[in-house]
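Data block below; observations after.
Protein chains: 2
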Amino acid sequence: MEPVIVGWGHTKFGRHDALDLEDLIQSAAGEAIASADIDPAAIDAMWLGHFNSGLVPDGFCSSMVVGLDPALRFKPAVRCENACASGSAALYAAMDAIRGGRVRVALVVGAEKMSGLGTAGVTAALGGASYQKEERGQSFPDIFAKFAQAYARRYGDPAEAMAHIAVKNHENALRNPLAQMHRALDLDFCLQVSERNPMISDPLKLSDCSLVSDGAAALILVSSDLLGEFTRAVGFRATAQVNDVLPLSAKDLAAFEGPARAIRAAYAAAGIGARDLSLAEVHDCFTIAELLTVEAMGIAAPGQGREAVIEGATRRDGALPVNLSGGLKAKGHPVGATGVSMHVLAARQLLGDAGEMQLPDASLALCVNMGGGAVATYVSVLEAVKA
Amino acid sequence: MEPVIVGWGHTKFGRHDALDLEDLIQSAAGEAIASADIDPAAIDAMWLGHFNSGLVPDGFCSSMVVGLDPALRFKPAVRCENACASGSAALYAAMDAIRGGRVRVALVVGAEKMSGLGTAGVTAALGGASYQKEERGQSFPDIFAKFAQAYARRYGDPAEAMAHIAVKNHENALRNPLAQMHRALDLDFCLQVSERNPMISDPLKLSDCSLVSDGAAALILVSSDLLGEFTRAVGFRATAQVNDVLPLSAKDLAAFEGPARAIRAAYAAAGIGARDLSLAEVHDCFTIAELLTVEAMGIAAPGQGREAVIEGATRRDGALPVNLSGGLKAKGHPVGATGVSMHVLAARQLLGDAGEMQLPDASLALCVNMGGGAVATYVSVLEAVKA
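Line by line, the protein sequences are chains A and B. To convert, take the position in the first sequence, counting from 1, and add 886; that gives this note's numbering. To convert, take the position in the second sequence, counting from 1, and add 886; that gives this note's numbering.
Structure, rendered in structure tokens:
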């Protein structure tokens, strides 16, 4: 049996001083259960995508969702982790359990509470996702700066394209009430180092970096034999997962080789190419990551993504809109929630339920969720199966 | 297709100053691949069971095993976490993927590096597995002391039975070359508080506590349609997973309600009772946990486990030998490795490959792996399908 998405929940992303990790998890999960209009007793098992790495002291969070409702007590729950792709890790594990017949109704939650630490603490916790033996002490801006530098050496300066990506994603976020930032950025601001847009790790300026966010997103997945009980559903035309080795030193940093392989595998399994997609939600943890993903997706050849981006191919009115939600850049990036959030927002587009974000005639959506420096990549091709 | 175990690896448990987490993972994984006599290229995906919670700075470890062999690059890998049941969490996720058809050959590794921190650091990291909102600052000895206190209030003092469990498991470990401690303890030593056996958290003495360990264990699982390619295999007659709510305050501490439910579900699915088992590897993180598990297994009724243990029902020569490996108590407890280790050691018994530990005529084995204070429980009933 194939898994299908029949409900979802999504907190606003941002700073939630009054909500801890458990609150965020239960808020998104409760909303997903209501959205699917199911009895909590119908849920067979739960998956949590969560990175943590010191962001919160709760080292064992899988059962936090169990506490949401007495009917969930004594059911299986587990946490899955693949750094910033932890949300997709949870989702894919749930899909395996449905395909394998262990469960028919799955609750998947992705969540992260990041604002409890100061900037230095968050930077250190996220830094735990790098290869400690070689990269300890480097921040993630440092790591993605290396990708940008490698790109510049091979193909030329990506800074202008990166600025266009920031502008586009901030503009898209204006239509997303769940986004953390509702503030348009203009191109000049993004292009220039300034007091309000300092260099974080050359060539990455503040405007190239995604946000520190609290948030959670949730999905209800059911086995396709239950489709008759639901009025709307989104299915997976294809999925692919690729893990590259951890050390940056072993990788070509001017390309996203792991993501490119995962995307190619998903396209092949779906029998499609980039031209068939209506929209994509991709992992713009830094603007250079979106540029490299645009090339990995085949929207443009390696080294030619800059022109495509600058010419508007990935804008809302372009050939393939990328990150209509605002992306990690402006929607926010509570790391464990991000992969689930991408699938929620893609599903809503495919069902015509995306509000002001809605793209007319959205029929096929791509999600690309990445952990670490192109280490773990999950790619889903989604389509409505009942709308 | 059903998953079957066709190979395994297992480092010695103990203090490995020269080995870091990556070394431990790769050591056990390499041994498992050799044991199954497969080409690494045949592996479709990898799962890592690992708790971490600050024990090591590596916050993103799933891809460490990918680095073992160039043939593993670009294959899926993910970490699963359910506190001290993380090893089983990884194993069960891999089983779902095989049953669902996404993979045919899976590599599962459980690993933990604990000795890099001092006792206070380890205690704090493990303490992260409790419900922080109510239990922060309590150690796990404190938490299991509460179970022992609740048991004493309802049924009478469990201390004598706890001492017998410690003696038994240390004696069993003498036959296990992979065990951390090869030192017999005598009953009087375990019964008395002394300089060498101090009270850790009343009524738990040092001799009631499992060990701080470095170690890893690994399994190769394949889809049963590949059985013809292997000379020996162990199958899962039944599996069950139960997650209770996280707060201790919501639970009856004189019983292991979650584990009892999981065990009953596994027995029912396997069509067996405790009397049908040849042996069990259970989660004796503290001796009180083994006592409560003995009752949850139905070896004795609630409150009557003490007599069964004292009379020797769970000794090597008893009706149902429990923890022939030495258990967490004497084999060691590198938390993420423990669930995988249990399955390795049970599989070896069922295939007649357990060396000095070997029990004659072992035909059906139970594994009970638990995370937190009876929060997450995984129960497997194993049997040889090809020997």
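Even for Gly, the Cβ is constructed at its ideal location relative to N, Cα and C. Please read all numbers here as calculations on a predicted model, not as lab measurements.
7 Å Cβ cutoff, Leu1073 of chain B in contact with chain A
False, the Cβ-Cβ gap to chain A never drops below 7 Å.
According to DSSP, Met932 of chain A sits in a beta bridge with which residue or residues?
According to DSSP, Met932 of chain A bridges with A:Ala963, A:Leu993.
How big is the Cα-Cα spacing for Ser1087 of chain A and Pro1044 of chain A?
Straight-line Cα distance between these residues: approximately 14 Å.
Going by CA-CA distance only, name the one from B:Cys1095, B:Phe1122, B:Ala1152 that's closest to Val1128 of chain B.
It is B:Ala1152 whose Cα lies nearest to the Cα of Val1128 of chain B.
If you scan the segment 1146 to 1217 of chain B from start to end, which runs of the alpha helix (DSSP H) of 4 or more residues do you find wholly inside it?
With a minimum length of 4 residues, the continuous alpha helix (DSSP H) runs that stay inside the segment 1146 to 1217 of chain B are 1173 to 1182, 1191 to 1197, 1213 to 1216.
Quick one: does Ser913 of chain B have its CB under 7 Å from some CB of chain A?
For Ser913 of chain B, no Cβ of chain A is located within less than 7 Å of the residue's own Cβ.
Would you grab the beta carbon distance between Val1271 of chain B and Thr1125 of chain B for me? Rounded to a whole angstrom, and I think it's under 8 Å.
About 15 Å separates the CB atoms of Val1271 of chain B and Thr1125 of chain B; that is not less than 8 Å, and the two are not in contact.
Pull up the distance between the alpha-carbon of Arg901 of chain A and that of Leu1071 of chain B, whole angstroms please.
Rounded to the nearest whole angstrom, the CA to CA distance from Arg901 of chain A to Leu1071 of chain B is 54 Å.
Which partner residues does Thr1263 of chain B have in the DSSP bridge list?
Thr1263 of chain B pairs with B:Val1128, B:Met1256.
Is any beta-carbon of chain B found at less than 7 Å from that of Gly1184 of chain A?
For Gly1184 of chain A, the closest Cβ of chain B is not nearer than 7 Å.
Rounded distance between the beta-carbons of Pro956 of chain B and Ala931 of chain B, thought under 8 Å:
The C-beta distance from Ala931 of chain B to Pro956 of chain B rounds to 16 Å, too long to fall under 8 Å, and the pair is not in contact.
Less than 7 Å between the C-beta atoms of Ala1038 of chain B and Ile1196 of chain B, yes or no?
No, the pair does not count as a contact, with Cβ atoms beyond the cut-off.
Let me know the secondary structure DSSP gives Arg1123 of chain A once reduced to three states.
Arg1123 of chain A falls in the strand class under three-state DSSP.
Regarding Leu1178 of chain A and the ligand ATP, is the C-beta to nearest heavy atom distance less than 6 Å?
The model depicted lacks the ligand ATP and carries no ligand whatsoever.
Taking only beta-carbon atoms, is Asp982 of chain A less than 7 Å away from chain B?
Chain B, which has a Cβ nearer than 7 Å to the Cβ of Asp982 of chain A, makes this yes.
How is Ala1240 of chain B classed by DSSP in three states: helix, strand or coil?
Ala1240 of chain B carries a coil assignment under DSSP once its states are collapsed to helix, strand and coil.
Does DSSP put His1068 of chain B in a helix, in a strand, or in coil?
DSSP, read as helix, strand or coil, puts His1068 of chain B in coil.
Any beta-carbon of chain B closer than 7 Å to the one on Asn1275 of chain A?
It is not possible to answer for residue 1275 of chain A, since the shown part of chain A is limited to 887 through 1273.
For Leu1105 of chain B, which of helix, strand or coil comes out of DSSP?
In the three-state DSSP reduction, Leu1105 of chain B falls in the strand class (E or B).
From which residue to which residue does the alpha helix (DSSP H) around Pro1027 of chain B run?
For Pro1027 of chain B, the enclosing alpha helix (DSSP H) covers residues 1026 to 1041.
Taking Cβ positions only, does Val964 of chain B come closer than 7 Å to chain A?
Output row for Val964 of chain B: interface = yes.
Considering only the beta carbon of each residue, do Ile1185 of chain A and Leu1165 of chain A sit closer than 7 Å?
Not in contact: Ile1185 of chain A and Leu1165 of chain A (Cβ atoms no closer than 7 Å).
Does any residue of chain B bring its CB to less than 7 Å from the CB of Ser990 of chain A?
One point to set straight first is that residue 990 of chain A is Arg, not Ser, in the sequence displayed. No, no contact with chain B.
Taking Cβ to Cβ, would you say Val1254 of chain A is nearer than 7 Å to Val1168 of chain A?
Closer than 7 Å, so yes.
Relative to the C-alpha of Pro1027 of chain B, which candidate in B:Ala997, B:Asp1094, B:Ala1049 has its C-alpha closest?
Considering only alpha carbons, the answer is B:Asp1094.
Quick one, which of A:Ala979, A:Gln1018, A:Gln1035 has its alpha-carbon nearest Gly1258 of chain A's?
For Gly1258 of chain A, the nearest C-alpha among the options comes from A:Gln1018.
What is the DSSP secondary structure of Ser939 of chain A, counted as helix, strand or coil?
Look at Ser939 of chain A here: in three-state DSSP terms it is coil, with no helix or strand label.
State the DSSP-derived secondary structure class of Glu888 of chain B, mapped to helix, strand or coil.
Reduced to three states, the DSSP call for Glu888 of chain B is coil.
Measure the alpha-carbon distance for His936 of chain A versus Leu1163 of chain A and round it to whole angstroms.
When rounded, the distance between both Cα atoms is 29 Å.
Endpoints, alpha helix (DSSP H) assigned at Met981 of chain B
First-last of the alpha helix (DSSP H) with Met981 of chain B: 972 to 985.
Proximity test, Cβ basis, 7 Å: Ser949 of chain B and chain A
Yes, Ser949 of chain B counts as interfacial toward chain A.
Does DSSP put Asn1062 of chain B in a helix, in a strand, or in coil?
Assigned with DSSP and collapsed to three states, Asn1062 of chain B falls in coil, not helix or strand.
How would you write the range of the beta strand (DSSP E) that Ile1086 of chain B sits in, first residue to last?
Run containing Ile1086 of chain B: 1085 to 1087, per the beta strand (DSSP E) assignment.
Proximity test, Cβ basis, 7 Å: Asp1094 of chain A and chain B
Taking Cβ atoms only, chain B never reaches closer than 7 Å to Asp1094 of chain A, which makes this a no.
If we define contact as Cβ-Cβ less than 7 Å, is Gly1121 of chain A a contact residue for chain B?
Chain B contact via Cβ: absent.
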